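*Asks:* Let me begin by handing over the structure; questions about it come next.
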Amino acid sequence: MRETRAVSTPLGYALTLAITAILVTGLLIAGTGFVEERQESVIREELSVIGQQVAADFARVDRMVMAADSRNESLTATTRQTFPERVSGSSYRLSLDPSSERLVLTSTAPEVRVTVSVTNRTTLRESTVDGGVIEVAYNGSSDALEVHDG
Amino acid sequence: MAHLRDDSRGQLLLVAGLALALVFIGLALVVNSAIFTENLASRGETAGSDGALAARAATEANVGAAIKQANYYDASSPVDAFNRSLRNVSTQTESLSATSGTLVNATYVNHRSGTRINGSIDRTENNYTVADGIARVPGANGTRGLEFDSSGLPGESNPLVVKVNDTAASGDRNSWRARIWEASGDVHIKTLRNGTTASENRTEHCSVPSAGENRIAVTAGLVNDQPCDALRRNASGTNFWFGNGVLDSGSNYAVHFENTNYTSGEFEMVAYDGGNNAIYDTEVRFAYDGPDVWYNTTVRVAPGEPDA
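Those sequence lines, one after another, are chains G and U. Using my numbering, read the first sequence as starting at 1 and increasing by one per residue. Using my numbering, read the second sequence as starting at 1001 and increasing by one per residue.
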């Protein structure tokens, strides 16, 4: 019995350390996962809002083009709007897909993809811009609407 | 027994606390982004495209008034008079827009001449031709601003008739006729649209309360400033605008008045019939430069022209 004396103190200490480490690691893993999940959700929301704002700009320029009595080179119709350059710390790109009449917004890290439909009467032209200042304009040479960096 | 020094105890908790603090900072940044998203979502019209369209509409209305005045007061050289008015329109619109930080400019591009016909509705002849050989302008009618100002409209038995027909067609074939009379405190308009065959014939009727001086803008589709279905599109979408459907083969058309001896008052109109004592329509270049919107287009102005 004499050799087992004073064992309970270091054993208890080691067990406390081990359990604490496991709990803290679990908390960190769960916390990081939660933040990443929230970040992705917020990026999706933000891209969707930016996409809808740009779609509204398309409707505005489309209205100006339809109200105009001239077309091609003798018509200019442009609106510019400033958006954040990064969403939740991630840069993003906005592409106009004329075939499906949709805006496709994609963030880089984490990669989140959001599509927003565009309603218009003027034809659309394939174009891509980075986040930040975005212009929606009527292109006289191709008689179509497009996006470009402002 | 463990030999831990006092200053090295609790390191695990410290590191874990720091790591958790970083996670919370990340969470705060994400929440911040979410709040900004809410802010972005509630952002309204910031660029000012509505302002550009409003300025365009105001310019169109002002240029229309300038054409009317030039045709009325300067039959010998309406284009010079119009250009002077246009410069005033441009300067005044620019001054008004300067307060909102935008630049608006309106300049003359070109015009088409026509004939201004006006006078008493009642002439010696009861039925007469007002204008002949009127051609359609591309995408528009060829007659605009036909207005009657009358304090004595006839009754239903002898209505004033405005008849538009294809000069190549005979009788009522390919014609548009509007019968105008007054009864029981109302001005009545009944429009008959004859096609090439009887099955294409259409009629529409509307009535608007009378005024002391009745103002019937036939081409603009207004009676005493109120819209009238019989001079526009009816509820089912059939087109009853002035002269609609009369041209079968793209030839010219004529405008006749009938039963004029029963009507007192004046009329006025401008026709695109090859004459040159008035401006039929004009094109001006409209430029709007705002902080975040640019709009530059030509605007065709033909006041009181029916929808094609």
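For every residue, glycine included, the Cβ atom is placed at its ideal position computed from N, Cα and C. These figures come from a predicted structure and were not determined experimentally.
What are the boundary residues of the beta strand (DSSP E) that S1120/U is part of?
*Replies:* 1103-1120 is the extent of the beta strand (DSSP E) around S1120/U.
*Asks:* Just the Cα atoms here: how many angstroms apart are I1117/U and S1184/U?
*Replies:* Computed Cα separation, rounded: 31 Å.
*Asks:* Anyone know if the C-beta pair for E947/U and R1215/U falls short of 8 Å?
*Replies:* The structure shown does not extend to residue 947/U, since chain U spans only 1001 to 1308, so no value can be given for it.
*Asks:* Does the beta carbon of Y1295/U come closer than 8 Å to any beta carbon on chain G?
*Replies:* So yes, Y1295/U belongs to the interface.
*Asks:* List the residues that DSSP assigns as beta-bridge partners of F1267/U.
*Replies:* G1119/U, F1148/U.
*Asks:* If you pair each beta-carbon of the segment 1226-1240 of chain U with each one of the segment 1177-1195 of chain U, do three or more pairs fall below 8 Å?
*Replies:* The answer is yes - the segment 1177-1195 of chain U touches the segment 1226-1240 of chain U, with three or more Cβ pairs under 8 Å.
*Asks:* Strictly below 7 Å CB to CB, what residues from chain G border L1160/U?
*Replies:* Those do not exist, as L1160/U stays about 34 Å from chain G at its closest Cβ, beyond 7 Å.
*Asks:* Assuming the contact rule is C-beta atoms closer than 8 Å, V1164/U and V1293/U should be a hit. Round their C-beta distance to whole Å, please.
*Replies:* That pair is no contact at about 42 Å.
*Asks:* Drop a sphere of 10 angstroms on the beta-carbon of R60/G, count the other beta-carbons inside from all chains shown, and report buried for 16 or more, exposed for fewer.
*Replies:* R60/G comes out buried.
*Asks:* Exposed or buried, what is R80/G when buried is set at 16 or more other beta-carbons lying within 10 Å of its beta-carbon?
*Replies:* R80/G is buried by the Cβ-count criterion.
*Asks:* Please tell me whether T1167/U and Y1253/U are closer than 8 Å, where the distance is taken between their beta carbons.
*Replies:* In this structure, Y1253/U lies closer than 8 Å to T1167/U by Cβ.
*Asks:* What are the boundary residues of the beta strand (DSSP E) that P1209/U is part of?
*Replies:* Note, P1209/U: beta strand (DSSP E), 1202-1209.
*Asks:* Which residues in chain G have a C-beta closer than 7 Å to the C-beta of R1116/U? List them in chain order.
*Replies:* Going along chain G, no residue has its Cβ under 7 Å from R1116/U, so there is no contact; the nearest lies around 23 Å.
*Asks:* What are the complete alpha helix (DSSP H) segments, minimum 4 residues, inside the segment 1026-1098 of chain U?
*Replies:* Runs found: 1049-1073, 1078-1098.
*Asks:* Residue range of the alpha helix (DSSP H) that G51/G falls in?
*Replies:* Segment 8-67, the alpha helix (DSSP H) holding G51/G.
*Asks:* Can you grab the Cα-Cα spacing for the pair G31/G / A1041/U, in whole Å?
*Replies:* Using only the alpha carbons, I get a separation of about 28 Å.
*Asks:* Please name the residue, chosen from G1048/U, N1239/U, E1204/U, that lies closest to G1101/U on a Cα-to-Cα basis.
*Replies:* That would be G1048/U, whose Cα lies nearest to the Cα of G1101/U.
*Asks:* Would you call the segment 1065-1076 of chain U and the segment 121-137 of chain G touching, i.e. three or more CB-CB distances under 8 Å?
*Replies:* As far as the Cβ criterion goes, the segment 1065-1076 of chain U does not touch the segment 121-137 of chain G, which means the pair count is below three.
*Asks:* Count the other CB atoms, across all protein chains shown, that sit within 10 Å of the CB of Y13/G; report buried if there are 16 or more and exposed otherwise.
*Replies:* Y13/G should be labelled exposed.
*Asks:* Are the segment 1150-1157 of chain U and the segment 1275-1290 of chain U in contact at 8 Å, needing three or more beta carbon pairs?
*Replies:* Output reads no: the segment 1275-1290 of chain U does not touch the segment 1150-1157 of chain U.
*Asks:* Taking R1112/U as the query, report the chain G residues whose CB atoms sit under 7 Å from its CB, ordered along the chain.
*Replies:* Those do not exist, as R1112/U stays about 14 Å from chain G at its closest Cβ, beyond 7 Å.
*Asks:* Taking the alpha carbon of L1029/U as the point to measure from, which residue in Q39/G, R5/G, A67/G, D57/G has its own alpha carbon closest?
*Replies:* Out of Q39/G, R5/G, A67/G, D57/G, Q39/G has the C-alpha closest to the C-alpha of L1029/U.
*Asks:* In three-state terms, what does DSSP make of M1001/U?
*Replies:* Only weak support exists for where M1001/U lies, its pLDDT of 42 falling under 50; the value from the coordinates is given anyway. Coil, per DSSP.
*Asks:* Out of curiosity, what's the CA-to-CA distance linking V104/G and T115/G?
*Replies:* Rounded to the nearest angstrom, the two C-alpha atoms are 5 Å apart.
*Asks:* Give the DSSP-derived three-state secondary structure of G1133/U in the structure shown.
*Replies:* Here G1133/U sits in strand by DSSP.
*Asks:* Any beta carbon of chain G sitting closer than 8 Å to that of S1049/U?
*Replies:* So, interface residue.
*Asks:* Would the beta-carbon of N1259/U fall within 8 Å of that of N1126/U?
*Replies:* Yes, Cβ-Cβ distance for N1259/U and N1126/U is below 8 Å.
*Asks:* Does the Cβ of V1015/U have 16 or more other Cβ atoms within 10 Å, making it buried, or fewer, making it exposed?
*Replies:* Exposed is the call here.
*Asks:* Under 8 Å by Cβ, that's how I've got R1300/U and D62/G pegged, so tell me the actual separation to the nearest angstrom.
*Replies:* Not really, about 20 Å apart at Cβ, beyond 8 Å.
*Asks:* If you measure from the CB of V136/G, is any heavy atom of the ligand FAD nearer than 7 Å?
*Replies:* The ligand content of the structure shown is nil, which means the ligand FAD is not present either.
*Asks:* In chain G, what lies closer than 7 Å to S1033/U by C-beta?
*Replies:* Neighbours of S1033/U on chain G, chain order: V42, E46, V87, S88.
*Asks:* Roughly how many angstroms lie between the CA atoms of R44/G and V118/G, to the nearest whole one?
*Replies:* Each residue's Cα considered, the two are about 18 Å apart.
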